[in-house]
Each structure stands twice: as structure tokens, then as C-alpha cells.
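Engineer:
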Amino acid sequence: MDATTETLSGGLLDNVWHGDWERNEKIIDLNDGGTFIEGQPHEKFDELRSRCPVYWNMENPSWGPGFWNITRYDDIVEVSRHPELFKSGDGINIAYPAEVYPDIINAVVGNMICMDPPLHRVYRKIAQPYFSRSRIAGLGGRVLELATGILDEVVERGECDFMADVAAPLPISVLCDILGVPHEDWQLIFDWSNTLIGVDDPELGGSQAKVEATFMELFGYGQKMIEERRKSPREDLMTAIATATPEDGMEIPAHLLNGFFLLMVVAGNETTRNSLSGGMLALCENPDQRQELIDDRSMIENGVEEVLRWVSPVNYMRRTATTDTEIRGQRIAEGDKVVMWYGAANRDPAAFDRPHRFDVTREPNPHIAFGIGEHFCLGARLARLQLQTMFGEVLRRIPDVELAGKVRYVRTNFINGIKEMPVKFTPQGGS
Numbered sequence: 030m031d032a033t034t035e036t037l038s039g040g041l042l043d044n045v046w047h048g049d050w051e052r053n054e055k056i057i058d059l060n061d062g063g064t065f066i067e068g069q070p071h072e073k074f075d076e077l078r079s080r081c082p083v084y085w086n087m088e089n090p091s092w093g094p095g096f097w098n099i100t101r102y103d104d105i106v107e108v109s110r111h112p113e114l115f116k117s118g119d120g121i122n123i124a125y126p127a128e129v130y131p132d133i134i135n136a137v138v139g140n141m142i143c144m145d146p147p148l149h150r151v152y153r154k155i156a157q158p159y160f161s162r163s164r165i166a167g168l169g170g171r172v173l174e175l176a177t178g179i180l181d182e183v184v185e186r187g188e189c190d191f192m193a194d195v196a197a198p199l200p201i202s203v204l205c206d207i208l209g210v211p212h213e214d215w216q217l218i219f220d221w222s223n224t225l226i227g228v229d230d231p232e233l234g235g236s237q238a239k240v241e242a243t244f245m246e247l248f249g250y251g252q253k254m255i256e257e258r259r260k261s262p263r264e265d266l267m268t269a270i271a272t273a274t275p276e277d278g279m280e281i282p283a284h285l286l287n288g289f290f291l292l293m294v295v296a297g298n299e300t301t302r303n304s305l306s307g308g309m310l311a312l313c314e315n316p317d318q319r320q321e322l323i324d325d326r327s328m329i330e331n332g333v334e335e336v337l338r339w340v341s342p343v344n345y346m347r348r349t350a351t352t353d354t355e356i357r358g359q360r361i362a363e364g365d366k367v368v369m370w371y372g373a374a375n376r377d378p379a380a381f382d383r384p385h386r387f388d389v390t391r392e393p394n395p396h397i398a399f400g401i402g403e404h405f406c407l408g409a410r411l412a413r414l415q416l417q418t419m420f421g422e423v424l425r426r427i428p429d430v431e432l433a434g435k436v437r438y439v440r441t442n443f444i445n446g447i448k449e450m451p452v453k454f455t456p457q458g459g460s
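Using our numbering, the letters of the sequence shown correspond one by one to residues 30 to 460.
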């Protein structure tokens with residue numbers, strides 16, 4: 030290692046992985062959405078953590094030579110805490126196809142989650158008041174009202190698609206409230222989010238033309254809202270974004286406005302939705318743990334943390350090396366992509382006792398489902414509130430819910446998303 034090479038602090042190199050390969054043995058293709066069609070590949074993640082914790086994955090040659098994958102908890106924490114070595118500014122997805130419209134790429138890469146300090150903190154500050162502890166605490170009544178209304182629509186039926194009928198409506202409703210999107214447009218926002226997050230899934234994304242059209246429709250809708258808020262400000266997040274002057278008193282440029290709206294729509298919706306559906310699946314598959322929560326409702330908060338660890342709703346985030354460096358003795362060149370797999374980290378036996386056991390009493394539970402460091406999820410408090418509220422109501426009103434058919438996952442490597450989850454339960458009266 031020459032004098033210009035940086036290494037991670039925190040003791041990682043005390044137990045280095047002495048790999049120095051350009052083409053390691055192929056264990057799994059993490060670039061293929063089909064790898065995740067049955068959920069996260071935990072057996073392969075276990076193998077990577079033990080045999081190949083810094084794993085090289087080839088990719089489409091038009092996108093790049095490949096990317097490094099890290100699966101150990103400590104490695105992901107250290108990379109996340111060193112944005113000076115591993116930046117977000119080149120994007121957080123593995124690749125951005127060159128044939129996609131420049132306006133789309135500018136918005137996807139030009140949003141807060143793809144910024145590095147100090148600029149990231151400038152833009153995060155715009156939205157932060159809407160996700161503060163006091164603001165979220167004040168939403169408790171509204172979230173309960175929405176959760177109650179959603180369950181009122183299904184409890185008398187005795188069966189439903191838990192994803193479509195229960196998990197999906199709550200986060201999109203809460204998000205649209207915060208943004209100031211009128212009720213009649215909630216379904217539109219939901220459909221756009223589905224298309225964009227399911228870009229690799231034929232049932233959701235469809236053709237490239239459909240995906241590109243969806244991006245442009247979403248941007249157009251956001252731009253119209255921005256124009257309206259600049260003329261007639263309201264008490265909502267879109268007004269805060271529209272009227273912000275974060276850099277030298279200048280309004281946020283158009284591509285960053287598009288990126289801001291895109292981030293709010295997708296991140297504010299998908300993470301909670303997938304935690305609700307994935308968490309309900311875990312409770313159905315572990316009835317003893319569900320009974321723990323039914324018997325002691327004070328455990329729901331703790332149970333939600335285990336749901337987040339277990340589900341890990343965002344599969345990965347990417348960083349890019351800013352200089353030649355090393356992870357566990359593996360040389361990482363400046364410009365190399367480094368992909369952090371949160372679901373693998375949250376099942377690391379070095380960080381969690383019996384990691385493959387779903388345990389709602391688990392303590393401590395230092396999961397990183399919301400990330401860690403500079404880009405810790407801005408909406409974590411809001412997600413927790415929604416999860417605690419909805420699980421509390423489901424277990425109160427339809428405690429015997431169980432699977433009634435095959436669970437189907439979104440074909441994507443980016444989120445751990447269920448697209449269909451039939452369940453049945455004893456029909457109940459209204460709230």
C-alpha cells in the first residue's frame with residue numbers, strides 16, 4: 030500500500046480479509062433483480078460474510094466494469110461514517126443507464142440522498158422541521174385515524190391482500206398529507222411510485238418508455254405544485270421546498286426540485302409500506318412472536334425494531350471511493366463503486382445474537398435498517414410511528430390474521446418489497 034492510500038479507521042484492519050482479486054469466484058449476482066424474487070438471499074449473504082466479505086460483482090459493460098459488495102455490519106457502519114472516503118455524490122444506485130433521459134438522471138442523482146457534506150446538510154435542513162420529534166408526535170392522532178379507516182375497509186371481509194389493502198394505503202396517505210397533495214391525487218402518486226421502484230419488474234415498471242413517461246409526469250406534477258406554493262404558500266413541506274433559498278439566497282434549481290420531490294415520494298412511501306408487509310409476514314410465520322405482542326402491547330415498540338431489522342426494507346445503498354483505499358485488506362481504487370447490503374448486515378452474527386431468529390423481545394437491537402451516519406433516514410421517526418400504530422391496530426382488531434396464498438415479491442435488487450400478500454382472518458365488526 031503506497032503513501033497515498035487511505036484506510037478505514039476503527040480497527041477494521043486488525044482482522045483483515047487478505048483478498049486481492051480482480052475476478053473472485055462467482056457466488057451470487059447481486060446486480061440481477063431476479064436474485065431477490067423470493068426475498069433477500071440470506072443463505073448467500075451468510076456465505077459472502079464468511080467467505081468473501083468484500084465481493085466483486087460484474088455488471089453490464091455499458092454501465093461499468095463492476096462493483097464491490099460489503100455484507101458485514103462493522104464494514105457498512107465504517108463506510109457510512111466516512112463520506113470523505115466513500116461519497117454519495119455519484120449516485121446511490123448501482124448504475125444509471127446512459128440511454129435514460131438527462132433530465133431524469135439529473136433529478137435522480139441530483140437529490141438530497143445523493144449529496145455529500147456540507148451541501149447535504151444544507152438541503153436536509155429544509156425538510157428536517159417536518160420530521161422533528163415534536164412534529165411527528167403531533168401526527169399521532171392523524172396516523173391512528175388513517176389506520177382505523179384503512180382497517181374499517183377490510184375487517185368485515187375476512188380476507189384481503191395485506192400489501193395492497195393495508196400496508197400500502199397508510200404511508201402514501203401520511204406522505205401526501207405532509208407534502209400537501211390533495212386527496213384525489215393520492216392514487217396517482219402511489220401508482221407513480223410503484224412504477225419507478227419496480228422498474229425491473231414487468232408487472233410494475235413495464236417498458237422503458239413507460240418508466241420515462243412516469244418520471245416526466247411526476248416531475249411535471251411536482252413543478253406545478255412548486256409554482257402554486259410560490260404564489261400561495263401553505264403550511265406544508267412542498268411550500269418549504271418551493272420557498273427555500275439554501276445557496277446564496279437563490280431558489281432551488283429545477284433539477285434539484287425534481288429530485289427533492291422524487292425522493293419524498295419514493296422514500297416516504299416505499300420504506301414504511303415494505304416494513305408493514307414484511308413485518309406482517311414475519312408475524313404470520315412466527316405466531317409465538319405475534320402472541321407476545323398481543324399479550325403485551327407495551328412490547329409493540331420493541332417489536333417494530335425487530336421488524337425493521339428482519340425486513341431491512343432498503344436492500345442497499347451505493348457509495349463511490351474518493352481515493353485509493355482498502356476494506357479488510359482488499360484494494361479499492363478511486364472511483365470504484367462500493368455497495369452496502371443492509372439486510373446482510375442486519376443478520377450478521379458478529380452484531381446480533383441468533384440473527385436468523387425473529388425475536389420481538391430482542392435487546393439490544395442496533396439495526397441499520399435506516400442507515401447510519403450522514404444519511405441516516407430523515408423519516409425514521411415517522412416510519413416508526415406508522416409501524417407502531419398499524420401493527421397495534423391490526424393485532425387488536427384482527428389478531429388471527431394468517432397467510433392465505435403465495436407471497437409475491439417485486440423483482441428488484443433495491444428494495445425488499447412484497448407486491449402481493451393474501452391473508453385471511455376471522456371477520457370482525459367495525460371500529
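Beta carbons are placed, not taken as given, at the ideal position from N, Cα and C, and that holds for glycine.
If we ignore side chains and look at the alpha-carbon of each, how far apart do Gly-40 and Lys-435 end up?
Structural biologist: As a position in the sequence shown, residue 40 is number 11, starting the count at 1. As a position in the sequence shown, residue 435 is number 406, starting the count at 1. Its pLDDT being 34, under 50, Gly-40 is placed unreliably in this model, and the value from its coordinates should be taken loosely. Rounded to whole angstroms, Gly-40 to Lys-435 spans 45 Å at the Cα level.
Engineer: Suppose the cutoff is 6 Å on Cβ atoms and the five residues either side in sequence are ignored; what does the same chain contact list for Glu-51 look like?
Structural biologist: As a working note, residue 51 is residue 22 in the sequence shown. The predicted model places Glu-51 with a pLDDT of 48, which falls under 50 and marks its position as unreliable, so this point remains unresolved.
Engineer: Quick check: what's the CA-CA separation for Glu-449 versus Pro-342?
Structural biologist: Locating residue 449 in the sequence shown gives position 420, where the first residue counts as 1. Locating residue 342 in the sequence shown gives position 313, where the first residue counts as 1. Rounded to whole angstroms, Glu-449 to Pro-342 spans 16 Å at the Cα level.
Engineer: Is Lys-116 near Thr-349, with beta carbons less than 9 Å apart?
Structural biologist: The count along the sequence shown starts at 1 and reaches residue 116 at position 87. The count along the sequence shown starts at 1 and reaches residue 349 at position 320. Contact flag set, yes.
Engineer: To the nearest angstrom, how far is the alpha carbon of Val-83 from that of Gly-278?
Structural biologist: The residue labelled residue 83 in the question sits at position 54 within the sequence shown. The residue labelled residue 278 in the question sits at position 249 within the sequence shown. C-alpha separation (whole angstroms): 44 Å.
Engineer: Skipping 5 residues on each side, what residues in its chain have a beta carbon closer than 8 Å to that of Asn-100?
Structural biologist: On the sequence shown, residue 100 is found 71 positions in, with the first residue counted as 1. The question names Asn, but residue 100 is Thr in the sequence shown. So the qualifying residues of the chain are Phe-74, Leu-77, Arg-78, Pro-82, Tyr-84, Trp-370, Ala-373, Ala-374 and Asp-377.
Engineer: Near Leu-208, what residues of its chain come up, given a Cβ to Cβ distance below 7 Å and the 5 sequence neighbours on each side ignored?
Structural biologist: Translated into the one-based positions of the sequence shown, residue 208 becomes position 179. Here the set comprises Asp-265, Leu-266, Met-267 and Met-293.
Engineer: Determine whether the beta carbon atoms of Pro-200 and Gln-415 lie at a separation below 9 Å.
Structural biologist: Counting from one through the sequence shown, the residue named residue 200 turns up at place 171. Counting from one through the sequence shown, the residue named residue 415 turns up at place 386. Yes. Within cutoff.
Engineer: Within 10 Å of its beta-carbon, does Ala-398 have 16 or more other beta-carbons around it, so buried, or fewer, so exposed?
Structural biologist: As a first step, residue 398 is located in the sequence shown; it is residue number 369 there, counting from the start. Buried, by the Cβ-count rule.
Engineer: Just to confirm the assignment: which complete alpha helix (DSSP H) runs, minimum length 4, are found wholly within the segment 305-383?
Structural biologist: Fully enclosed alpha helix (DSSP H) runs of 4 or longer: 316-324, 329-340 and 371-374.
Engineer: Would you please state the rounded distance, in angstroms, between the beta carbons of Cys-143 and Gly-120? I believe it to be under 8 Å.
Structural biologist: Residue 143 sits at position 114 when you count from the first residue of the sequence shown. Residue 120 sits at position 91 when you count from the first residue of the sequence shown. Cys-143 to Gly-120, Cβ: 6 Å. Contact.
Engineer: Answer yes or no: do Phe-387 and Ala-311 have a C-beta to C-beta separation smaller than 9 Å?
Structural biologist: Sequence index remark: in the sequence shown, residue 387 carries index 358 (1-based). Sequence index remark: in the sequence shown, residue 311 carries index 282 (1-based). Closer than 9 Å, so yes.
Engineer: Counting C-beta neighbours from all protein chains within 10 Å, is the total for Ile-444 16 or more, i.e. buried, or is it exposed?
Structural biologist: Start at 1 with the first residue of the sequence shown, and residue 444 comes out as number 415. Buried, since its Cβ has 16 or more Cβ neighbours within 10 Å.
Engineer: At which residues does the beta strand (DSSP E) containing Val-452 begin and terminate?
Structural biologist: Against the sequence shown, residue 452 aligns to sequence position 423. Element bounds for Val-452: 451-453.
Engineer: Determine the direct distance from the alpha carbon of Glu-321 to that of Val-467, and round the result to whole angstroms.
Structural biologist: The structure shown has nothing for residue 467, since the chain only spans 30 to 460.
Engineer: Does the Cβ-Cβ distance between Gln-157 and Leu-424 come in under 9 Å?
Structural biologist: As a position in the sequence shown, residue 157 is number 128, starting the count at 1. As a position in the sequence shown, residue 424 is number 395, starting the count at 1. Cβ distance not < 9 Å, so Gln-157 and Leu-424 don't count as in contact.
Engineer: Identify every run of the alpha helix (DSSP H) within the segment 82-118, keeping only runs that are complete inside it and at least 4 residues long; order them along the chain.
Structural biologist: Segments of the alpha helix (DSSP H) lying fully in the segment 82-118: 102-109.
Engineer: Among the residues of its own chain, which have a CB less than 7 Å from the CB of Gly-504, if the five just before and after it don't count?
Structural biologist: Past the edges of the chain, shown from 30 to 460, lies residue 504, and the structure says nothing about it.
Engineer: Going by beta-carbon coordinates alone, are Cys-189 and Val-452 separated by less than 9 Å?
Structural biologist: Locating residue 189 in the sequence shown gives position 160, where the first residue counts as 1. Locating residue 452 in the sequence shown gives position 423, where the first residue counts as 1. Going by C-beta atoms, Cys-189 is nearer than 9 Å to Val-452.
Engineer: State the Cα-Cα distance for the pair Val-138 and Asp-317, rounded to the nearest angstrom.
Structural biologist: For this step, residue 138 is matched to residue 109 along the sequence shown. For this step, residue 317 is matched to residue 288 along the sequence shown. Near 44 Å, if we compare the C-alpha coordinates of Asp-317 and Val-138.
Engineer: In the DSSP output, which residue or residues are listed as bridge partners for Ile-66?
Structural biologist: As a first step, residue 66 must be located in the sequence shown, where it is residue number 37. Paired residue(s): Gly-68.
Engineer: Between the Cα of Arg-302 and the Cα atoms of Ile-427, Phe-420 and Asn-135, which residue gives the shortest distance?
Structural biologist: The sequence position of residue 302 within the sequence shown is 273, counting from 1. Out of Ile-427, Phe-420 and Asn-135, Phe-420 has the C-alpha closest to the C-alpha of Arg-302.
Engineer: Can you list, in chain order, the residues of its chain with a C-beta nearer than 6 Å to that of Glu-363? Leave out the 5 residues immediately preceding and following it.
Structural biologist: On the sequence shown, residue 363 is found 334 positions in, with the first residue counted as 1. Closer than 6 Å at Cβ, skipping near neighbours: Ala-350, Thr-352 and Asp-353.
Engineer: State buried or exposed for Lys-366, treating a residue as buried only when at least 16 other CB atoms are found within 10 Å of its CB.
Structural biologist: As a first step, residue 366 is located in the sequence shown; it is residue number 337 there, counting from the start. Buried is the call here.
Engineer: From what residue to what residue does the beta strand (DSSP E) around Glu-256 run?
Structural biologist: In the sequence shown, counting from the first residue as 1, residue 256 sits at position 227. Looking at the DSSP string, Glu-256 is not in any beta strand (DSSP E); the run it does join, the alpha helix (DSSP H), is 237-260.
Engineer: Using 9 Å as the threshold, is the C-beta distance between Arg-347 and Val-333 below it?
Structural biologist: Here residue 347 refers to the residue found at position 318 of the sequence shown. Here residue 333 refers to the residue found at position 304 of the sequence shown. No, these two residues do not count as a Cβ contact at 9 Å.
Engineer: Over what stretch of residues does the beta strand (DSSP E) that includes Asp-190 continue unbroken?
Structural biologist: Reading the sequence shown from its first residue, position 161 is the one you call residue 190. Residues 188-190.
Engineer: For Lys-154, which three-state DSSP category applies?
Structural biologist: What you label residue 154 is simply residue 125 of the sequence shown in a count that begins at 1. Helix.
Engineer: Using the Cβ count rule (16 or more neighbours within 10 Å means buried), how would you classify Asp-325?
Structural biologist: Here residue 325 refers to the residue found at position 296 of the sequence shown. Counting Cβ neighbours within 10 Å, Asp-325 comes out exposed, since fewer than 16 surround it.
Engineer: Three-state secondary structure (DSSP) at Ile-179?
Structural biologist: Along the sequence shown, one-based indexing puts residue 179 at 150. Helix, per DSSP.
Engineer: Is Trp-50 helix, strand or coil by DSSP?
Structural biologist: Counting from 1 along the sequence shown, the entry for residue 50 is found at position 21. Residue confidence for Trp-50 is low, a pLDDT of 40 falling below 50, so the modelled location carries little weight; the figure read from the coordinates is stated next. Coil.
Engineer: Can you tell me the Cβ-Cβ gap for Ile-356 and Asp-104, rounded? I've got them flagged as a contact below 8 Å.
Structural biologist: Along the sequence shown, read from residue 1 onward, the residue named residue 356 stands at position 327. Along the sequence shown, read from residue 1 onward, the residue named residue 104 stands at position 75. Indeed, because the Cβ distance is near 6 Å, the residues count as touching under 8 Å.
Engineer: By the 10 Å Cβ neighbour count, where 16 or more other Cβ atoms means buried, how is Asp-230 classified, buried or exposed?
Structural biologist: Walking along the sequence shown from the start, residue 230 turns up at place 201. Its Cβ being crowded by 16 or more others within 10 Å, Asp-230 is buried.
Engineer: Return the chain-ordered list of same chain residues with a C-beta closer than 6 Å to the C-beta of Ala-469, the five sequence neighbours on each side being excluded.
Structural biologist: This structure leaves residue 469 out entirely; the chain is present only between 30 and 460.
Engineer: Going by alpha carbons, who is nearest to Val-151 out of Pro-275, Trp-92 and Leu-291?
Structural biologist: Locating residue 151 in the sequence shown gives position 122, counting from the first residue. The residue with the shortest Cα to Cα distance from Val-151 is Pro-275.
Engineer: I need the boundaries of the alpha helix (DSSP H) containing Cys-143, first residue and last residue.
Structural biologist: Here the question's residue 143 lines up with position 114 in the sequence shown. Unbroken run through Cys-143: none, as it is neither H nor E.
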